[in-house]
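Only one structure is covered here, and it is reproduced in the block below.
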Amino acid sequence: MKIIRIAPLALASTLALLAGSAGAVDWGGYFRTGPGATKKDAARACYGLSGPGLKYRLGNECDFYGEFLLSQGFKTDGVEYKANLMTNMYNGGTDSGDAKLGINQMYLEGKGFDVAPNNTFWIGKRFYGRADVHIVDTFYVNMSGVGAGVDGIDVGSGKLNLAYFRTDGGATKPGTRVNLDLQGVDTNPGGKLRVSGSFVNGDFSGGKSGFGLSFQHNQDNVFGLGGGNTFWLQFAQGSAGLDQNFGTLDAASGTRGFRVVESLTWQVGAFGGQAQAMWQQDKDGATGLKTNSGTIGGRMSYAMTRNLKWLTEAAYSQKKPDGGETQKLAKLTFGPALTTGPGFWNRPELRLYVTTAKWNAAANAAAGAGGVTGIGDGKTTGTSYGAQVEIWF
């Protein structure tokens, strides 16, 4: 049985080794891993409220995760093709036992067809249209799935991408989604607007339709800080998700979601970082109850030498359901990191960290029997420490 479980990873490793003899094969990826600990008689612990953007990553990732992409490009009679295969590995803790293995992406894209030479056509399973805030590992736009589409349609100012997706994870509750994604619209010097729309339908008895809309503005070098700023304004109704993906396919038509996100990245000399502020409201269409979530936080890096940085991350999050108590959590992480350069984005980073957090009883109750940490001791404070490597290549 174990042989079957490791087969996808073994295949990817073999192909990666063969890539050295096939010059057109590109190999890249990402992974994070490392040991962590908390109090005696307990496994490692991490701290965050449930929901998008409410858990900050630094010194606060209890899992092992890796994804590895193989891409093979080729050209036939003027048409350029690329085949893409991404395997992934996940383990929820530091235990070195069996991990969950899978395939994140497997698709083919082509460009140069005589009917539309400037457009890219694709079919398969893929990451699509994603836009994130790194410090919370949250993709506020994420159209990924199994589908087909055409990208790069010229509409004057900007390019339009069209895609069709299907979900059939629940055999009796399939769904359909159509995404329109207009990118690169000039708005002001250094500024670009992106407008994305989603149309969703649950294709089964009791399935509902839905609609989502996302506005994203990117601004280069805000205030001369050497980074950028991203602002999102998002709405979703019915069975559509705020991230432009599927929501709950049988959600009542009165289901609503609103979200506003502001994220700033900077690099001024040795000082770099990223911060975010986010507010989200979710309305349950069946009960009419609303839940408000909000957070503010950031990670700062300071290059003490070219290869040694000091990292600090601080954040506060809260969540308030109608008729319930407000869940609150504050988190602070600090520690040194060895890296390849002085910038905030330089990777790999080999980190040592200490994380401390404080939360309230309402946060424990909302998390279930194990509480925020999963340990189930009823405490509302915690401290963790460990080492982690993060790399993308």
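In this text, residue positions in the sequence shown follow my numbering: the first is 2, and each later residue adds one.
Note that CB positions come from ideal geometry on N, CA and C, so glycine has one too.
#1: If we ignore side chains and look at the alpha-carbon of each, how far apart do A241 and R195 end up?
#2: Counting C-beta neighbours from all protein chains within 10 Å, is the total for D182 16 or more, i.e. buried, or is it exposed?
#3: Measure the beta-carbon distance from M90 to I104 and round it to whole angstroms, keeping in mind my assumption that it falls under 8 Å.
#4: Using DSSP's beta-bridge definition, name the partner residues of I124.
#5: What is the rounded straight-line gap between the Cα of V390 and the Cα of T334?
#6: If we ignore side chains and look at the alpha-carbon of each, how far apart do A132 and N143 end up?
#7: Can you tell me where the beta strand (DSSP E) with A287 in it begins and where it stops?
#8: Could you give the residue range of the beta strand (DSSP E) that holds A164?
#9: Does DSSP put N365 in a helix, in a strand, or in coil?
#10: Can you tell me the Cα-Cα spacing of K101 and A43, whole angstroms?
#11: Is DSSP giving G225 helix, strand or coil here?
#12: Just the C-alpha distance for D221 and F65, rounded to the nearest angstrom, thanks.
#13: If you draw a straight line from the alpha carbon of E263 to that of F394, how long is it in whole angstroms?
#14: Could you tell me which of A338, W360, K380, N219 sits nearest to E350, measuring between CA atoms?
#15: How big is the Cα-Cα spacing for M2 and C47?
#16: What does a CB cutoff of less than 6 Å around N92 pick up in its chain, not counting 5 residues either side in sequence?
#17: Can you say whether M305 is buried or exposed, counting buried as having 16 or more other CB atoms within 10 angstroms of its CB?
Based on what the coordinates show:
#1: 19 Å
#2: buried
#3: Contact flag wrong, Cβ pair sits at about 11 Å.
#4: L109, A149
#5: 15 Å
#6: 7 Å
#7: Premise fails: A287 is in no beta strand (DSSP E) and is neither H nor E.
#8: 160-168
#9: helix
#10: 23 Å
#11: helix
#12: 33 Å
#13: 27 Å
#14: A338
#15: Legend: pLDDT at M2 = 35, less than 50; position of this residue unreliable, value from coordinates given subsequently. Roughly 31 Å between the two C-alpha positions.
#16: F65, A100
#17: exposed
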